[in-house]
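A.B. asks: Structure in structure tokens, see below.
Residue numbers (my numbering): 3 to 204.
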């Protein structure tokens, strides 16, 4: 009788092109990523990439669709979100070393590219801002956007501009400070139950 293999099937050439594109877009910007480079990595002719995806823009859209939700963001308890996000920022070196492309890095590298601006904004919202906003409640959308602006800014200062004040900071201390700042942003203002009257002039 023939035996049935339980091993995962080998990825198709189209899947390998898409996985290679994800790694390429995580390393280089949209403009600096070429279909010929992706084709060479996979070992196929660039015409085959065109047949599979049509254009670089369409391939990039497929990359955005393929990227999964932010790991653990939906499952993280509300009161642990500041520490969770701060830890994520400073553990990205480990993620990169394990060969797992960082979805946020793919988005950051393509900021400001006209052809990618719309899809990047939509994916940034669906991957990070929307799920975070749901957890924050009151004024959640605004505060979630501010959180992501801070995290993106720090990533750019550390990984792209390589400013020594950020890149050379002690990771544990930087994570502690970032956790405190995020906690402040995520906490809604609450009106005082009883207004405090102004002090009378002597």
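Every residue, glycine too, gets a C-beta built ideally from N, C-alpha and C.
Report yes if the C-beta distance between residue 128 and residue 27 is below 9 angstroms; otherwise report no.
C.D. replies: The answer is no: Cβ separation not under 9 angstroms.
A.B. asks: Quick one: what does DSSP say residue 139 is sitting in, helix, strand or coil?
C.D. replies: In the structure shown, residue 139 sits in coil (DSSP, three-state: anything other than H, G, I, E or B).
A.B. asks: Just to confirm my understanding: we take residue 117, look at its own chain, exclude 5 residues before and 5 after, and list those with CB closer than 6 angstroms. What are they?
C.D. replies: Only 59 meet the Cβ criterion.
A.B. asks: With a threshold of 16 other CB atoms inside 10 Å of the CB of residue 145, please say whether the residue is buried or exposed.
C.D. replies: Under this definition residue 145 is a buried residue.
A.B. asks: Tell me the rounded alpha-carbon separation between residue 31 and residue 108.
C.D. replies: Computed Cα separation, rounded: 8 angstroms.
A.B. asks: On the criterion of 16 or more Cβ atoms from any shown chain inside 10 Å, does residue 135 qualify as buried, or is it exposed?
C.D. replies: Per the 10 Å Cβ criterion, buried.
A.B. asks: So the candidates are 81, 179 and 189; which of them puts its Cα closest to the Cα of residue 142?
C.D. replies: Comparing Cα positions, the closest option is 189.
A.B. asks: Find out if the Cβ-Cβ distance for the pair residue 37, residue 61 is shorter than 9 angstroms.
C.D. replies: Cβ distance < 9 angstroms, so residue 37 and residue 61 count as in contact.
A.B. asks: Pull up the distance between the alpha-carbon of residue 110 and that of residue 191, whole angstroms please.
C.D. replies: Those two C-alpha atoms are separated by around 30 angstroms.
A.B. asks: Which term fits residue 179, buried or exposed, when burial requires 16 or more other beta carbons within 10 angstroms of its beta carbon?
C.D. replies: So residue 179 counts as exposed.
A.B. asks: Just how far apart, CA to CA, sit residue 89 and residue 170?
C.D. replies: Residue 89 and residue 170: Cα-Cα distance of roughly 16 angstroms.
A.B. asks: How many Å lie between residue 219 and residue 106 at the Cα?
C.D. replies: Residue coverage of the chain in this structure runs from 3 to 204, which leaves residue 219 outside it and unanswerable.
A.B. asks: Between residue 177 and the rest of its own chain, which residues show a CB-CB distance below 7 angstroms, the 5 nearest in sequence each way excluded?
C.D. replies: Cβ within range, chain order: 88, 89 and 92.
A.B. asks: Excluding the five sequence neighbours on either side, which residues of its own chain have a C-beta within less than 8 angstroms of the C-beta of residue 63, listed in chain order?
C.D. replies: Closer than 8 angstroms at Cβ, skipping near neighbours: 121.
A.B. asks: Measuring straight from C-alpha to C-alpha, what distance separates residue 139 and residue 85?
C.D. replies: Roughly 18 angstroms between the two C-alpha positions.
A.B. asks: Quick one: Cα of residue 181 to Cα of residue 76, how far?
C.D. replies: Going from the Cα of residue 181 to the Cα of residue 76 covers about 18 angstroms.
A.B. asks: Let me confirm a value: residue 166 is counted as buried when at least 16 other C-beta atoms fall within 10 Å, else exposed. Which label applies?
C.D. replies: Exposed.
A.B. asks: What does the alpha-carbon distance come out to for the pair residue 137 and residue 80?
C.D. replies: Roughly 6 angstroms separates the two Cα atoms.
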